[in-house]
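Everything on this sheet refers to the single structure shown next.
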Amino acid sequence: MGAYDDIFRASVEDPERFWLDAAAALDWHTAPTTALDSSNPPFYRWFPDGELNVAYNALDRHVDAGRGDQAALIYDSPVTQSQRSYTYAELRDEVARFAGVLAGLGVGVGDRVVIYMPMVPEAAVAMLACARIGAVHSVVFGGFAPKELAVRIDDATPKVVVSASCGIEGKRVIEYKPLLDKAIELAAHKPDRQVILQRPQAAAAMGDADVDWVEAMAGATPADPVPVKATDPLYILYTSGTTGKPKGVVRDGGGYAVALAWSMPNVYDVGAGETIFTASDVGWVVGHSYIVYAPLLAGATTILYEGKPVGTPDAGQFWRVVADHGVKSLFTAPTAFRAIKKEDPKAEHLRDHDVSSLKYLFLAGERLDPETYHWASDTLGIPVIDHWWQTETGWPIVANPAGIELLPIKPGSPTRPLPGWDVQVLDIAGKPVEAGTDGAIVVKLPMPPGALPTLWNDDERFVRSYMAAFDGYYLTGDGGNIDEDGYVYVMGRTDDVINVAGHRLSTGSMEEVLASHPDVAECAVIGVADSMKGQIPRGFVVLKAGVDGAAEGYEDTLRAELVQLVRDQIGAVASLKDVAVVAALPKTRSGKILRKTMRGIADGNDEPVPSTIESAEVLDALRPILRKD
C-alpha cells in the first residue's frame, strides 16, 4: 500500500476524523468539535458548530504570521501590456478598504453582491471583501449578455452590483456598463447601488445609483473580518449554459476552505511561497477555487491573467507567464492547450522562454483527449495531470495527487478518486457495474467538504437534479467506467451518449478518434435526430494552423480518412459519415463546447443565443452547416 492508498482509506473509513484533522490547518474563531451534521440527508452540513472568516484565513493570517511582504497576487495582462503585484499586506489592505465601501453601502452578513467584472485584481478584491464582512458574492462572467445577467440578478437579489466600464476580449474592448444597465432594466429586482471601476480603455457614463470605485476607496474606512458560521454561504455560482431559471450552486465557507487548504499541497503540490498559474476566469468555479481562494489559503502566490492562450499576442503567452513569475504548477482547460497546439503545433514559442520552474501541468474542464495529453507531455516533459470535477463539487473529485504520490498516468483517465470521494459506476437500475463497464458515474453520500450543500433558494431542485436518480448517491451527470486498477474514465455527459439503431455510443469515444488525426486541432461529435436510426453522429473538426484546408479535394480526402478511422477503431455501428471542417467551435467561457446547443440547432429547434458574444458569433457562422441550409 502506498501513501495514496493509506490516506484514501483513512478518508472513507473515518471521514469525520480525517476532515477534523484537516480543519486544524485553518484559524477558527470557534473551532469545530463536530465534523458532520448528517441529521437531514441529503442536506449534509460540515463543521456545524465552527465559526471562521474565510478572507481572514486567506490574507490576515499570513500577515499576522510575518509573511506580509510575500507576493500574494500577480496581475499579468498582455492585453493592456501591464503587470501589478500585491503583497499579502497590500492585498489585505485593499480588501479591507473595499469591504468598508460595501459596508458603507449597507451590505452586511448574508446580503448578496453580484460581481460582473473582467479579469482584473479588483474582481478578486471584491470577492474577498464580501467574504470579509460575511456577505455572499455571486460572480457572473464579465461580458455575459444582459438577459443572462438579469436572471441571475433576479435569483440572487443583490443589494449591490460591482462592475467595470469595460473588458478586453482578445483585441476587442467590450463595454460592460451598457450591458449592466440593460440587465438591470430587464430584471425585476433592482440593486440599491452599482460600484463601477473605470478603465482607461472605455469610460462608462455614470448614473445616480452608480459609485466610482476609486473615489469610494479613497474615502473608505477599512472593515474588520466578521466571523460567520462555517455552514453560512460564501458564494453562489450559477452553472454555465443555464437557461430559464438559473441553477445557483451554493458554497459554504467552512467546508470549502478546509477542502481547498487540503487540496493545494496534496493535489497541486503547491505550498506557502510557491506560485500557481491558473489560466481561467473568476466567473468559473476554477477561478473561484484556484485563482482566488485556495492559493491564498495556502499562502502561495497566485497569477491573475487577463488574456487568451493564443492571439494576445501569440501562442507563447503561457510560457512567458511561467518564465516571468517562476510558476511551479500551471492549471488550465484542455481547450486552451488545443488552441496552443493548433496555432503552434511544433511549440516553437516555447524555445523563447525558460520554463524550468514548471513541475506540473493540470488540465480540467473538458475531457482530456489522449492526443492533447501526448502533445503536452512530449512538449513539456513534465507530468500532465488530467483531473475531473464540477462547479457543484468545488474542487477535484478524481485526480493524480501530486503532493501525496504521483500515480502511474493512463492517458484518457484523470486517475483515481481523491480522499473523501467514494466514486462508483451504476447501471440504469442503480446496481454497480463490473470493472471497465460504462454506466452513470455517481458519488456515495455524504460528499466531502467543499461540495455544494444545496442550490440557492431551491432545495427541491437540488434533490431532483442531483439526489433523486439513485438513493444515497450524488448524480454527476457524467458517464464512464472504472477499470480494474480503480482508474476512472469519464466519457462525457450522459446526454452525450447517443442511440444509433439501438446501439448506445459515446460521442466522447468518437471525438477521441477524430482528435488522433494529425491535421485535427479540435473536434466535436453530436447526435442528431434521424428517422431511420433514431440518432446519427455528426462530426465537426477544426484544423491545425498550417494545414491548407482549401486545397483541392482536401476536405473530401480528410472526411474519408476520419470516417475510416472511426470505422476501424469503433466499428461500422458508429455510422459516422458526416464530418464538416469548420473555422471554430462555440464554447462557454469556461471552455466547454456547446454540444447541446449545436445538437438542438441541427434538430431544427430554436436554441437560446449563447451568453457570450464570441460564442454567439461562432455559432452564427456554424448555423447553416448545422441546419444544412
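Take the sequence shown: its position 432, counting from 1, is numbered 432 in full-length UniProt numbering, and each next residue is one higher. All C-beta atoms, glycine included, are put in the ideal place defined by N, C-alpha and C.
- Under the 8 angstroms Cβ criterion, the stretch 261-270 does not count as touching the stretch 113-130, having fewer than three qualifying pairs.
- Inter-residue distance for D603 and R538 is about 12 angstroms (C-alpha atoms, whole angstroms).
- Ranking D556, L565, V488 by CA distance to the CA of M510 puts L565 first.
- Within a 10 Å sphere around the beta-carbon of G381 sit fewer than 16 other beta-carbons, which makes this residue exposed.
- Here the alpha carbon of D155 sits roughly 22 angstroms from the alpha carbon of I196.
- Put simply, of V563, R567, A583, E522 the residue whose alpha carbon is nearest the alpha carbon of G549 is A583.
- Our two residues, V490 and G479, have alpha carbons roughly 6 angstroms apart in a direct line.
- Under DSSP, E51 shares a beta bridge with T30, K229.
- Short of 7 angstroms from the beta carbon of V79, and not among the five residues preceding or following it, lie these beta carbons of its own chain, in chain order: I168, E306, G307, T312.
- In this structure, the alpha-carbon of Q194 lies about 49 angstroms from that of D438.
- Contact between the stretch 127-135 and the stretch 67-81 is not established, with fewer than three Cβ pairs separated by less than 8 angstroms.
- Residue ranges of uninterrupted alpha helix (DSSP H) with 4 or more members, entirely inside the stretch 132-181 and ordered along the chain, are 146-156.
- Cβ contact annotation for D60 (same chain, cutoff 8 angstroms, sequence separation greater than five): R92, P225, in chain order.
- Per DSSP, reduced to three states, the secondary structure at Y487 is coil, with no helix or strand assignment.
- At the C-beta level, D519 and L543 come within 7 angstroms of one another.
- Residue I593 holds the alpha-carbon nearest to the alpha-carbon of G492 among G253, D181, I593, H353.
- Of W46, N40, P41, the smallest CA-CA separation from P32 is found for W46.
- By the Cβ neighbour-count rule, G472 is exposed, with fewer than 16 other Cβ atoms within 10 Å of its own.
- Contact between E366 and P414 does not hold, since the beta-carbon distance rounds to 12 angstroms and is not under 8 angstroms.
- For F8, same chain residues with a beta-carbon under 6 angstroms away, outside a window of 5 residues either side, are P419 in chain order.
- When DSSP reads this structure, W46 sits in a beta bridge with L36.
- Under the criterion of beta carbons closer than 8 angstroms, L330 and L361 qualify as touching, at roughly 5 angstroms.
- When secondary structure is reduced to three states using DSSP, G403 falls in the coil class, being assigned neither helix nor strand.
- Residues A524, A580, V582 of the same chain have their beta carbon placed closer than 6 angstroms to that of F540, with the five preceding and five following residues left out of the count.
- In the structure shown, I340 falls within a helical segment according to DSSP collapsed to helix, strand and coil.
- If you draw a straight line from the Cα of R199 to the Cα of P396, it is about 35 angstroms long.
- Between V442 and Q424, the CB-CB gap stays under 7 angstroms.
- Taking each of V463, G50, A468, L36 in turn and checking the Cα distance to H29, the smallest one comes out for G50.
- Linking P624 to V618 through their CA atoms gives a straight-line distance of about 12 angstroms.
- V162 counts as buried, since at least 16 other C-beta atoms from the protein chains shown sit within 10 angstroms of its C-beta.
- In terms of Cβ geometry, L186 and A131 do not form a close pair [threshold 7 angstroms].
- In this structure D568 is exposed. Its beta-carbon is surrounded by fewer than 16 other beta-carbon atoms within 10 angstroms.
- When rounded, the separation of the alpha-carbon atoms in W284 and P121 is 16 angstroms.
- The DSSP assignment places 193-197, 210-212 as complete runs of the beta strand (DSSP E) inside the stretch 186-213, in order along the chain (cut-off: 3 residues).
- The three-state reading of DSSP puts T476 in strand, counting E and B together.
- When DSSP states are grouped into helix, strand and coil, V542 belongs to the strand group.
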